[in-house]
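Asker: Residue 325, in the numbering used here, is where the sequence shown stops; the numbers in between run on with no holes. We put the CB at the ideal spot given by N, CA and C, even for glycine. Since the model is a prediction, treat every value here as computed from it, not as a measurement.
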Amino acid sequence: MIEATFYLESQSNSKEALELSVRKLLEEVKGLNNVKISRELFHEILEDEDEMGRIFYSSVLEVDIKTEFREYITLCMRLVPSTIEIIKGDVKIKGKELLEVFGDVSSTVNKLCKKYNLTLYRVGEGEGLKQSKIGLEEEEIEEAVEQGGALFKFVVEARAKNEKFAMEKTKELVNDTGGMIHKMLAKKVGEGEAWEGVVGMEVLFFDIETLFDAVIKFSPVAMSFIEPEVVHLNMAELQNIGIDIAGIIQQLTFDVITRGMRGGQGSFRATQA
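1) Please look up how many angstroms separate the CB atoms of Q199 and N227, rounded, as I've assumed it's under 8 Å.
2) To the nearest angstrom, how far is it from the Cα of S66 to the Cα of G105?
3) Hey, S271 and V161 are a contact pair by Cβ (cut 8 Å); roughly how many whole angstroms apart?
4) Just to confirm, is the Cβ distance from V250 to V267 under 8 Å?
5) Assess contact between the region 111-125 and the region 82-91, defined as three or more Cβ pairs (one per stretch) separated by less than 8 Å. Is contact present?
6) Starting from the C-beta of L256, find all residues in its chain whose C-beta is less than 7 Å away, skip the five residues before and the five after it, and write them out in chain order.
7) Flag this pair as yes or no: are the beta carbons of E152 and V112 separated by less than 8 Å?
8) Starting from the N-terminal side, write out each stretch of the beta strand (DSSP E) that is 3 residues or longer and does not extend beyond the region 72-143.
9) Determine, using beta-carbon pairs with one atom in the region 287-297 and one in the region 210-218, whether at least three such pairs fall under 8 Å.
10) What does the Cβ neighbour count give for D100, buried or exposed, with the cut at 16 atoms within 10 Å?
11) Do M275 and F154 count as a contact pair if the criterion is CB distance below 8 Å?
12) Once you ignore the five residues that flank L263 on each side, which residues in its own chain have a CB closer than 7 Å to its CB?
13) Looking only at C-alpha atoms, which of D156, Q291 and I145 sits nearest to V283?
14) Suppose you measure from the CA of A246 to the CA of A218; what does that come to, to the nearest Å?
15) Measuring alpha carbon to alpha carbon, tell me which of D259, A238 and G252 ends up nearest T229.
16) To the nearest angstrom, how far is it from the Cα of L285 to the Cα of E92?
17) Identify, in the order they occur along the chain, each residue of the same chain with its Cβ nearer than 8 Å to the Cβ of M53, setting aside the five sequence neighbours on each side.
18) Might you give, ordered along the chain, the residues of its own chain that have their beta carbon closer than 6 Å to the beta carbon of V143, omitting 5 neighbours on each side?
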């Protein structure tokens with residue numbers, strides 16, 4: 053069981069509409085299955101103005117919740133808290149069960165991206181690891197897993213001018229996310245001059261937070277745990293994972309709003325290869 057405080061920020065150009073939306077949000081949370089509300093606090097509604105001189109109102113709703121891990125992750129995506137404070141929580145979950153949570157997250161993000169033609173990856177922005185060649189020493193894998201990492205297998209869709217470029221770009225993106233590739237294989241499934249297919253990998257992640265980030269950004273078409281069989285998440289990891297997931301959903305929502313304002317169109321690819 054996880055106990056956490058969610059801080060939910062709301063803004064509106066109408067004070068009445070803001071108050072109504074915040075109370076409606078609270079009722080929505082109370083109506084969810086497998087979620088217990090132990091405390092709620094409405095902060096004072098504040099008036100401010102933006103750089104254009106337009107008046108807007110803002111407030112914060114604090115909610116203390118008690119729930120299980122899978123529902124906690126769902127709440128992070130559904131409520132998009134601005135921040136989270138874990139009060140109590142220490143989760144041990146089997147790899148197969150964690151895959152179900154990954155599936156929830158991947159499905160939600162992928163639907164948003166496809167519906168609004170969005171992308172999570174911006175090619176060239178990576179500041180992650182660098183890997184000169186594919187393949188890791190078994191001792192390196194064992195040490196990383198013992199210290200809270202995971203060896204994970206997943207398959208992503210990719211498009212590129214050829215197979216070599218698809219594998220190179222996918223490797224670059226995996227490294228940028230914080231993973232080191234142990235094994236890698238590509239297979240073409242599309243027809244035509246451009247290479248369209250899937251890239252399968254065994255990847256070592258040095259912590260579960262990084263693995264969550266990779267699952268969100270890649271939206272794998274298939275995935276499985278190799279090691280460990282049971283994953284342990286402490287309070288700090290639970291908090292960081294929740295905030296990261298909420299932040300990505302918030303960014304996608306912001307992209308939808310700004311794109312609507314610009315009237316532009318974007319592109320989505322699983323790996324941007």
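Answerer: In terms of the structure at hand:
1) About 19 Å separates the two Cβ atoms, so there is no contact after all.
2) For the pair S66 and G105, the Cα-to-Cα distance works out to about 15 Å.
3) Yes, they are in contact, since the Cβ atoms of S271 and V161 sit about 6 Å apart, within 8 Å.
4) Result no, Cβ atoms of V250 and V267 do not sit closer than 8 Å.
5) Verdict: yes, contact present.
6) The residues are L188, I193, A196, G201, L203, G231, M232 and H234.
7) For E152 and V112, no; Cβs fall outside 8 Å.
8) Correct list: 87-94, 98-101, 107-119 and 135-140.
9) The answer is no - the region 210-218 does not touch the region 287-297, with fewer than three Cβ pairs under 8 Å.
10) The residue in question, D100, is exposed, as its Cβ has fewer than 16 Cβ neighbours within 10 Å.
11) With contacts defined by Cβ atoms closer than 8 Å, F154 and M275 form a contacting pair.
12) Taken in chain order, the residues that qualify are A202, F204 and F257.
13) Checked all of D156, Q291 and I145; the closest Cα to V283 is I145.
14) The straight-line gap from Cα to Cα measures roughly 10 Å.
15) The closest CA to that of T229, considering only D259, A238 and G252, is found on D259.
16) Distance between the alpha carbons of L285 and E92: 26 Å.
17) Within the same chain, Cβ atoms closer than 8 Å to the Cβ of M53 are found at K118, T119, E120, K140 and G141, the five residues on either side in sequence being excluded.
18) Cβ neighbours of V143 beyond the five flanking positions: F121 and L285.
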